[in-house]
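Notes to accompany the following structure.
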Amino acid sequence: MTDGELPRALLREFAAVVGEAHVLTGDATAGYAVDWTGRFRGHAPAVLRPADTAEVAGVLAVCHEACVPIVPQGGNTGLVGGGVPGHGEVVLSLARLDRLDPVDADAGQVTAGAGVPLQRVAGADPGLDLGVLIASRDSATVGGAVATNAGGLRVLRYGPMRAQLRGVEAVLADGTVVSHLAGLVKDNTGYDYPGLLAGSEGTLAVITAARIQLVPRPAGPVTVIVGLSGPGEVHALARAALRTVPGLLSAEFFTRAGLDVLAGHADLVPPLRGPVPAFLLLEAAGLSAAEDLAALAGDYPVAVATTPADRARLWAYRERHPEAAGFLGVPLKLDVSVPAAQWVTLATGVGEVVQAVDPGARLIIYGHVADGNLHVNVVPAAEADGRHEDAVFGFVASLGGSISAEHGIGALKARWLPLIRSAPERALFARIRAAFDPAGILNPHVLPR
Ligand code: MLT
Ligand code: ZN
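Using this note's numbering, the letters of the sequence shown correspond one by one to residues 1 to 449.
Encoded structure:
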């Protein structure tokens with residue numbers, strides 16, 4: 001069933017489950033059918049907004065019976081087209097599953113509905129924090145963050161979303177509910193399906209709630225931005241930080257090119273004087289954080305922040321980078337990672353690789369240097385016909401890297417998966433997927449089948 005209208009009888013069945021007010025059609029679906037970069041646009045014959053797990057189960061039972069494909073959607077902040085109905089799928093919005101339970105103080109854990117924004121989880125207890133910190137935290141939701149195994153700005157310290165998970169509740173393709181939310185730290189009782197659903201991009205089940213391990217709120221964080229000559233110095237200093245700063249939380253990289261765009265379009269005044277080509281933002285917490293970071297920065301130009309307002313000001317330089325390419329056009333957002341020893345080669349060479357296939361393309365790079373992760377934002381001048389992905393992903397594969405560090409495969413990268421996953425691996429993926437979703441109704445165009 002693609003791109004057409006849904007039969008009225010089916011819409012009535014959906015309305016019987018979620019209520020008529022929560023079956024959206026026509027113009028009301030527009031905001032759910034496009035991603036925030038504007039690169040992925042689709043059409044949804046209906047958007048369904050269930051209120052709770054029972055209603056999600058009811059919707060999926062109807063979809064399964066009628067073979068209606070669906071795309072689950074959280075805050076719609078994804079970057080690879082994984083939450084957009086690119087082939088006329090019904091959108092299943094989890095936004096109304098926004099119940100946040102009281103924090104379990106004994107375990108330092110909380111159970112959150114799929115539609116709870118990450119920032120609400122982070123603020124649930126004054127002494128605790130969410131280990132995953134991403135710039136879109138006010139809109140990005142728990143369900144989406146689990147489904148994409150979101151990474152972000154503190155992975156070097158706490159790991160990605162999968163590492164915070166102590167359990168999930170999810171609805172299988174036929175409407176069956178599976179739930180494992182007790183939050184036991186030790187629990188060797190069969191397959192770790194919460195771990196499998198993390199990063200499955202809505203292809204195996206619809207996540208409706210997650211049990212999340214919170215982390216101690218970092219004490220007295222200090223943020224610095226150090227001015228450096230290029231990726232070589234950035235990488236060397238980040239590596240030194242990993243070894244000598246015990247309270248290190250973040251090691252983030254951006255360049256003059258991105259900063260100049262933000263200065264021109266978002267009124268950000270550069271943090272350091274002079275012609276600085278590359279920047280390393282470091283954040284650390286704990287008693288010796290300020291001295292550790294000062295010792296590390298040595299004679300390099302540096303901006304230091306300790307108050308929340310000053311730290312926010314420094315973070316804005318990095319956190320607004322996702323917007324930068326958007327000021328120049330509709331960007332291709334390529335999120336890649338390589339082994340640590342190859343990061344400098346990637347960061348210094350990727351510009352030439354893109355220029356070779358599109359000399360007029362604009363490029364902005366930034367990312368999570370301690371994770372070997374680089375965000376390559378390309379605003380094409382030539383047609384975006386796959387040549388940019390071919391070039392960048394081919395380069396990354398030649399360095400032994402991954403074509404998706406943390407954003408997922410989505411619709412954007414499905415065709416390049418064979419570059420880094422073997423035929424037997426992809427066959428295994430297909431068997432897992434068929435076991436969970438034999439009718440193929442869950443996000444069918446995300447990840448190749
Ligand atoms: C980031 O690190 O800022 C996010 O992954 C978003 C992006 O890459 O644009
Ligand atoms: Zn990132």
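All residues carry an ideal CB built from backbone N, CA and C; glycine is no exception.
- Message: Per DSSP, what are the beta-bridge partners of I403 in this structure?
- Response: Bridge partners of I403: none, in fact.
- Message: Suppose the cutoff is 6 Å on Cβ atoms and the five residues either side in sequence are ignored; what does the same chain contact list for P72 look like?
- Response: The beta carbon of P72 lies closer than 6 Å to those of L92, G202, V206 in the same chain, with the five residues before and after it left out.
- Message: Quick check on DSSP: helix, strand or coil for P50?
- Response: coil
- Task: Can you give me the Cβ contacts of R449 inside the same chain, cut-off strictly under 8 Å, excluding the 5 residues immediately before and after it?
- Result: A430, R433, G440
- Touch test, the stretch 178-188 against the stretch 157-170, Cβ-Cβ under 8 Å, three pairs minimum: yes
- Query: Mind checking whether the beta-carbon of H375 lies closer than 6 Å to any heavy atom of ligand 1?
  - Reply: yes
- Message: Less than 7 Å between C-beta atoms, sequence neighbours within five positions excluded: which residues of the same chain meet that for G38?
- Response: V330
- Item | Helix, strand or coil at Y366 according to DSSP, with G and I counted as helix | strand
- Query: According to the neighbour-count rule (16 or more other Cβ atoms, all chains shown, within 10 Å of its Cβ), is P271 buried or exposed?
  - Reply: buried
- Query: Which same chain residues, not among the five before or five after L248, have their C-beta less than 6 Å away from its C-beta?
  - Reply: A241, A284
- Using a C-beta cutoff of 7 Å, does V392 count as contacting chain B? You won't find chain B in this structure, because it holds only one protein chain.
- Query: For ligand 1, any of its heavy atoms closer than 6 Å to the Cβ of A370?
  - Reply: no
- Query: Where does R157 sit, in a helix, a strand or coil, going by DSSP?
  - Reply: helix
- Any heavy atom of ligand 1 within a distance shorter than 6 Å of the CB on P322? yes
- The beta strand (DSSP E) enclosing E169, as first and last residue numbers: 165-171
- Consult DSSP for T2 and reduce its assignment to one of helix, strand or coil. The predicted model places T2 with a pLDDT of 42, which falls under 50 and marks its position as unreliable; any figure quoted below should be read in that light. Here T2 sits in coil by DSSP.
- Item | Helix, strand or coil at A150 [DSSP, three-state] | coil
- CB N377 to CB K333, shorter than 7 Å? Taking 7 Å as the Cβ cut-off, N377 and K333 qualify as a contacting pair.
- Message: Taking the straight line between their C-alpha atoms, what separation do you get for R12 and A57?
- Response: The alpha-carbon separation between R12 and A57 amounts to approximately 16 Å.
- Assuming V121 contacts L100 under a Cβ cut-off of 8 Å, what Cβ separation, rounded to an integer in Å, is found between them? 7 Å
- Going by DSSP, what residues sit across from V23 in a beta bridge? The secondary-structure analysis by DSSP pairs V23 across a beta bridge with L48.
- Query: When DSSP labels each residue in this structure, what does V116 get in the three-state scheme?
  - Reply: In the structure shown, V116 sits in coil (DSSP, three-state: anything other than H, G, I, E or B).
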